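For the record, in the sequence shown the residue sitting at position 167 is 440 according to this note's numbering, with numbers rising by one throughout.
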Amino acid sequence: MKITISDIPWENLTTPYGRGTDIPKLIENRNYKELNNLLEHQETLWQVTPWGVYFLLEQLEDDFLAGKKNFSHEQMEIYDLILTSYKNVIQNDFDKSEIFSDPLELISENSLWINSEDDDELYWEEEFPPGYDDLSFLNTYYYSWKFINEKADLLEKIKDSADNKELKDFLAGILLDLKELTV
Numbered sequence: 274m275k276i277t278i279s280d281i282p283w284e285n286l287t288t289p290y291g292r293g294t295d296i297p298k299l300i301e302n303r304n305y306k307e308l309n310n311l312l313e314h315q316e317t318l319w320q321v322t323p324w325g326v327y328f329l330l331e332q333l334e335d336d337f338l339a340g341k342k343n344f345s346h347e348q349m350e351i352y353d354l355i356l357t358s359y360k361n362v363i364q365n366d367f368d369k370s371e372i373f374s375d376p377l378e379l380i381s382e383n384s385l386w387i388n389s390e391d392d393d394e395l396y397w398e399e400e401f402p403p404g405y406d407d408l409s410f411l412n413t414y415y416y417s418w419k420f421i422n423e424k425a426d427l428l429e430k431i432k433d434s435a436d437n438k439e440l441k442d443f444l445a446g447i448l449l450d451l452k453e454l455t456v
């Protein structure tokens with residue numbers, strides 16, 4: 274699957290603090306601290322999470338292939354936060370037949386917050402706001418994990434090339450979690 278950042282309707286997807294409209298700019302500007310706060314909050318993943326992870330991993334791979342060797346803990350932290358959320362909230366607690374065959378189903382029309390942001394409070398009052406029904410919520414966690422899992426080799430290469438022992442150890446922990454987490 275190869276998608277571009279402009280393929281995602283960020284303005285119609287939510288974060289813990291509103292819509293995801295600013296996510297592409299935050300990724301471009303490498304504002305990892307703010308991205309970490311918008312993609313994961315208190316072990317909850319949001320509609321923007323799998324897509325933010327997807328593009329952060331693409332950016333990480335591009336940087337590594339361009340010869341970058343010094344990556345920050347803050348840059349890698351989101352992967353640890355997501356794996357912890359996945360492990361504590363959803364792992365093995367679902368029927369695998371419920372996984373969407375295509376992650377783009379996460380941004381199907383019935384999952385998008387179409388109205389203006391002024392109406393968001395009304396959406397949250399619904400029993401299942403758009404994109405937060407049980408099936409969509411499960412798939413948000415699954416694809417967030419899956420995108421990271423698909424780049425485990427990249428994380429391993431970054432770990433092996435890192436000079437910083439703390440970063441090596443941190444990435445070793447992420448890689449261990451990936452090996453232990455099953456679907």
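Every residue gets a Cβ at the ideal spot worked out from N, C-alpha and C, and that includes glycine. Since the structure is predicted, the reported quantities are computational estimates derived from the model, not experimental observations.
Boundaries (first-last residue) of the alpha helix (DSSP H) holding Y352: Residue numbering aside, residue 352 sits at position 79 when the sequence shown is read from its first letter. Taken as a continuous stretch (DSSP letters only), the alpha helix (DSSP H) holding Y352 covers 346–358.
Cβ neighbours of P323 in the same chain (closer than 7 angstroms, five flanking residues each side left out): Residue mapping note: residue 323 aligns to position 50 of the sequence shown, counting from 1. Within the same chain, P323 has close Cβ partners P376, L379, T413, Y416, S417, F420.
For L440, the first and last residue of its enclosing alpha helix (DSSP H): The residue you call residue 440 lines up with position 167 of the sequence shown. According to the DSSP assignment, L440 belongs to the alpha helix (DSSP H) that extends over 438–453.
Beta-bridge partners of G291, as assigned by DSSP: Taking the first residue of the sequence shown as position 1, residue 291 is located at position 18. G291 is bridged to T288.
Residues bridged to L318 [DSSP beta-bridge criterion]: The sequence position of residue 318 within the sequence shown is 45, counting from 1. L318 pairs with E313.
Residue environment, K432, which counts as buried when at least 16 other CB atoms sit within 10 Å: Taking the sequence shown and counting its residues from 1, one reaches residue 432 at position 159. When all chains shown are included, K432 counts as buried.
4 or more residues per run - each alpha helix (DSSP H) lying fully within the region 388–430: 393–398, 407–423
Pairwise C-alpha distance: K275 and E390: In the sequence shown, residue 390 corresponds to position 117, counting from 1. In the sequence shown, residue 275 corresponds to position 2, counting from 1. Approximately 29 angstroms, taken between the alpha carbons.
Contacts around I387, its chain only, beta-carbon distance under 7 angstroms, and the 5 residues preceding and following it disregarded: What you label residue 387 is simply residue 114 of the sequence shown in a count that begins at 1. So the list reads N285, once near-sequence residues are dropped.
First and last residue of the uninterrupted alpha helix (DSSP H) at K298: The residue given as residue 298 occupies position 25 in the sequence shown. K298 -> alpha helix (DSSP H) spans 296–301.
Contact belief for D450 with L356 at Cβ below 8 angstroms, rounded distance in angstroms: Along the sequence shown, read from residue 1 onward, the residue named residue 450 stands at position 177. Along the sequence shown, read from residue 1 onward, the residue named residue 356 stands at position 83. So it is a contact: roughly 5 angstroms between Cβ atoms.
Per-residue burial, D295 [other beta carbons within 10 Å of its own, 16 or more giving buried]: Position 22 of the sequence shown, counted from the first residue, corresponds to residue 295. By the 16-neighbour rule on beta-carbons within 10 angstroms, D295 is buried.
Distance, E423 Cα to Q315 Cα: As a position in the sequence shown, residue 315 is number 42, starting the count at 1. As a position in the sequence shown, residue 423 is number 150, starting the count at 1. Their backbone Cα atoms lie some 24 angstroms apart in a straight line.
Supposed contact pair V321 and G293 - C-beta distance, whole angstroms, cut 8 angstroms: As a position in the sequence shown, residue 293 is number 20, starting the count at 1. As a position in the sequence shown, residue 321 is number 48, starting the count at 1. Right, their Cβ atoms sit about 4 angstroms apart.
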